[in-house]
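Colleague:
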Amino acid sequence: MVGIWGQGSLRERRPGVFEIRIAVGVDPVSGRTVQRSFWFHGALEDAEERRSELATQFAGYRAVRRAAPFLTVGELLERWMAAHHDWRPSTWSSARSNVKALCADAIADRRVSSLRPEVVRQAMARWKEMGASVSVVSGRFRVLRSSVGWAQSESIIDRNPIRDMRGPPRPGTRMHVPVGDVATLIEASEKLAEKAAAALDGTASSLHALHKAEQVQLLVRLAADSGARRGELAALRFGDLDGRVLTIERGVSGEEVGPTKTRQVRRLTLGRTTVELWRFSEAAWRRRAAGKNSFGEWLFSRDLDHGRRLTTSGLGHWFAELRDEAGLEGVSLHRLRHTVATYLVGRGDLLQAQQRLGHRDASTTLRNYAHAMPLEDQAVADDIYEMLRTSGNLQAAPAPAAN
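If you want the numbering used here, it's the position in the sequence shown, counting the first as 1, plus 495.
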């Protein structure tokens with residue numbers, strides 16, 4: 496038998512038949528090297544060449560897996576974050592936050608090779624007892640599952656110990672803003688703009704107050720009409736509106752302007768009142784900034800010349816101030832998007848809702864807004880009743896007794 500450390504061994508079992516033994520990995524329990532036999536039929540020189548090929552092939556494999564049996568969840572999470580991922584900035588921020596929380600938890604010290612669904616379930620129960628919300632628990636689990644899945648795809652581990660595990664309950668039904676409350680918001684924004692116009696006294700502060708109030712009025716109209724995401728609204732430019740057609744091709748993630756969340760461009764038609772308000776406001780803003788050297792491209796801005804984009808957090812703060820003025824507790828800018836979705840799905844316009852919201856596929860729309868689907872099964876209920884009545888002696892339901 497010919498053996499070379501790290502290069503495997505070669506033994507001729509019978510004339511022209513060779514056994515090649517190569518170290519292929521590490522046992523996840525004992526940490527010992529695992530060897531595998533390969534059989535080769537041919538001449539000794541060819542068998543040596545095959546042994547060399549196999550040794551080279553599995554050398555890199557062993558190098559990656561040598562530490563796998565002792566790899567902890569915390570170490571894996573750090574590797575996962577350090578690897579290249581095609582993520583949006585907001586996804587990076589969310590993942591980083593969840594990894595930080597997981598690394599501070601007891602589960603971070605557990606070896607990945609000993610990770611089990613029951614261990615993860617115990618951790619989730621502990622997080623819940625500590626006051627973590629459904630969305631927080633769900634977010635941590637998704638990060639943990641993604642990191643372990645990544646490790647398997649990168650050949651760091653042989654198997655995913657939680658691959659078939661069911662995740663925690665998803666956050667509840669996405670609540671929309673009742674149409675009456677939307678009307679209240681629009682009315683409040685109009686009154687705010689009127690009040691700011693009446694208070695205009697030639698000072699810079701009153702001018703900026705009017706400028707802000709006019710933008711808030713347009714913001715509410717656009718959000719309630721288009722169903723656009725907050726990041727998409729913050730990234731709108733004056734040139735995105737052509738007639739009544741609004742093109743949404745960019746969004747803000749982590750305060751960086753890039754593609755939309757689904758990386759798709761969509762075009763949608765706005766209501767006439769929204770378009771008229773956009774055009775009227777733009778003309779007024781351009782006149783107001785006539786003394787400036789130039790006029791910017793961003794629709795929402797703190798500056799009179801619209802040269803700098805308003806941040807997404809700034810957009811949210813402006814809306815929150817209006818919400819408080821209108822006395823509508825708990826209403827957020829994003830919930831206006833749910834109002835558009837609920838209205839369209841409630842009419843049975845599932846594909847129209849998918850297109851307007853910018854979902855990648857209709858299954859996303861249906862999964863999130865199935866509760867709004869119209870009930871159209873009265874005829875089915877009547878048919879079942881008739882079937883039961885004619886096949887037996889089912890009588891009509893008795894009338895309720897009088898009080």
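Using N, Cα and C, we set each Cβ at its ideal position, and we do this for glycine too.
Here the structure is a predicted model, which means the values were calculated and not measured.
Helix, strand or coil: which one does DSSP assign to V760?
Modeller: Three-state DSSP puts V760 in coil, outside helix and strand.
Colleague: Are the CB atoms of A691 and G705 within a distance shorter than 9 Å?
Modeller: Note on residue identity: the sequence assigns Leu, not Gly, to residue 705. Yes, the pair counts as a contact, with Cβ atoms nearer than the cut-off.
Colleague: Are there 16 or more other CB atoms within 10 angstroms of the CB of H580, so buried, or fewer, so exposed?
Modeller: It counts as exposed.
Colleague: Can you give me the C-alpha to C-alpha distance between F814 and L571, rounded to a whole angstrom?
Modeller: Going by the C-alpha atoms only, they are around 41 Å apart.
Colleague: Got a sec, what are the start and stop residues for the alpha helix (DSSP H) I652 sits in?
Modeller: Taken as a continuous stretch (DSSP letters only), I652 belongs to no alpha helix (DSSP H), as it is neither H nor E.
Colleague: Just to confirm, are L687 and V711 a CB contact at a threshold of 9 Å?
Modeller: Contact: yes.
Colleague: Grab me the residues of S808's own chain with a C-beta within less than 6 Å of its C-beta, minus the 5 sequence neighbours each way, in chain order.
Modeller: Nothing meets the Cβ criterion.
Colleague: How far does the alpha helix (DSSP H) with T768 in it extend, from its first residue to its last?
Modeller: Here the alpha helix (DSSP H) through T768 covers 767-783.
Colleague: Does the beta-carbon distance from I651 to P612 come in below 9 Å?
Modeller: In this structure, P612 does not lie closer than 9 Å to I651 by Cβ.
Colleague: For the pair the stretch 812-826 and the stretch 844-862, tell me if three or more CB-CB distances fall below 8 Å.
Modeller: No: the two stretches stay apart, fewer than three of their Cβ pairs being nearer than 8 Å.
Colleague: Measuring alpha carbon to alpha carbon, tell me which of E750, L728, E751 ends up nearest T742.
Modeller: For T742, the nearest C-alpha among the options comes from L728.
Colleague: Going by C-alpha to C-alpha distance, which of D541, A723, L549, S641 sits closest to Q530?
Modeller: Measuring from the Cα of Q530, the nearest candidate turns out to be L549.
Colleague: Could you please give me the residues that DSSP links to F533 through a beta bridge?
Modeller: I515, per the DSSP bridge assignment.
Colleague: Here's a check: name, in chain order, each residue in its chain whose Cβ is nearer than 7 Å to the Cβ of M868, leaving out the five neighbours to either side.
Modeller: Excluding sequence neighbours, M868 sits near V840.
Colleague: Need the endpoints of the alpha helix (DSSP H) that L731 sits in, please.
Modeller: Run containing L731: none; DSSP gives neither H nor E here.
Colleague: Taking 7 Å as the limit between beta carbons, can you name the residues of its chain near S648, skipping five residues before and five after?
Modeller: There are no such residues.
Colleague: Could you give the residue range of the beta strand (DSSP E) that holds G753?
Modeller: Counting along the chain, the beta strand (DSSP E) containing G753 begins and ends at 751-753.
Colleague: Taking the Cβ atom as the reference point for each residue, do R803 and G791 lie within a distance shorter than 9 Å?
Modeller: Yes, Cβ-Cβ distance for R803 and G791 is below 9 Å.
Colleague: Please report how far the alpha carbon of D737 lies from the alpha carbon of S721, in whole angstroms.
Modeller: Answer to the nearest angstrom: the Cα atoms are 15 Å apart.
Colleague: What distance in whole Å lies between the Cβ atoms of G569 and A603, which are believed to be in contact at a cut-off of 8 Å?
Modeller: About 3 Å; that satisfies the 8 Å criterion.
Colleague: I need the straight-line Cα distance from R739 to T764, nearest angstrom please.
Modeller: Whole-angstrom Cα-Cα distance: 5 Å.
Colleague: What did DSSP end up calling V524 once you bin it into helix, strand or coil?
Modeller: Because the pLDDT of V524 is 47, which lies under 50, any placement of that residue in the model is unreliable, and the question is left without a value.
Colleague: Leaving out the 5 sequence neighbours to the left and right, which residues in its chain are closer than 8 Å to P664 when beta-carbon positions are compared?
Modeller: Within the same chain, P664 has close Cβ partners V629, S633.
Colleague: Identify which residue in R855, A779, R545 has its Cα closest to the Cα of L713.
Modeller: Closest option to L713, Cα to Cα, is A779.
Colleague: Which residues does DSSP pair with E507 in a beta bridge?
Modeller: E507 pairs with F513.
Colleague: Bridge partners for S748 per DSSP, in chain order?
Modeller: BP columns for S748 point to E751.
Colleague: Can you tell me where the beta strand (DSSP E) with T742 in it begins and where it stops?
Modeller: That run of the beta strand (DSSP E) goes 740-743.
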